[in-house]
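Comments concern the structure below.
In the working numbering, the protein residues as written are 49 to 203.
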């Protein structure tokens with residue numbers, strides 16, 4: 049396949065195409081690894097949303113979390129989440145928990161704190177940190193493209 053003509057190596061177009069296919073196959077596999085690695089190392093955060101109808105004497109809120117069905121709750125927010133509603137109207141709130149692991153289920157509890165420092169904890173609710181729906185599809189597509197191109201290039 050390699051012939052020397054006047055001291056210059058000539059490669060067949062077929063051999064160059066095979067190398068290109070192999071290189072592209074490797075790039076697709078690297079892309080798949082990067083997608084999977086990025087999702088495992090930093091899954092999307094959990095958004096905790098709540099609404100109040102009224103806020104009579106409410107100073108603010110605390111968010112607590114535990115990592116199993118049993119155990120102690122740990123306060124997540126460093127400072128009181130300030131009340132934004134009034135005695136007549138409520139408000140909408142969002143707290144983002146970014147310190148999560150993919151596939152892990154977390155248990156949360158909201159606490160109302162009144163101006164007189166009385167506190168009321170609400171019902172426990174759970175969230176599971178999940179990867180976005182498109183991640184496995186994109187990674188699978190990348191792997192299949194990579195394998196196909198490698199096989200085609202190595203033939």
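Ideal Cβ positions, reconstructed from N, Cα and C, are used throughout, including at glycine. What you are looking at is a predicted structure, and each value in this text was computed from that prediction instead of being measured.
Between residue i and residue j, how many whole angstroms is the CB-CB distance? I'm expecting something under 8 Å.
i: residue 154; j: residue 113; result: 5 Å
i: residue 159; j: residue 169; result: 5 Å
Where does the unbroken beta strand (DSSP E) through residue i begin, and where does it stop?
i: residue 153; result: 153 to 162
i: residue 98; result: 94 to 99
i: residue 108; result: 106 to 114
i: residue 168; result: 167 to 169
i: residue 146; result: Element bounds for residue 146: n/a, residue is neither H nor E.
i: residue 102; result: Residue 102 -> no beta strand (DSSP E), and no H or E assigned at all.
Please confirm whether residue i and residue j have their CB atoms less than 8 Å apart.
i: residue 197; j: residue 98; result: no
i: residue 107; j: residue 128; result: yes
i: residue 183; j: residue 83; result: yes
i: residue 125; j: residue 110; result: yes
i: residue 151; j: residue 100; result: no
Run through DSSP, which three-state label would residue i get?
i: residue 138; result: coil
i: residue 186; result: helix
i: residue 121; result: coil
i: residue 130; result: strand
i: residue 70; result: helix
i: residue 62; result: helix
The stretch 180 to 189 in contact with the stretch 69 to 84 per 3-pair CB rule at 8 Å: The stretch 180 to 189 vs the stretch 69 to 84: in contact.
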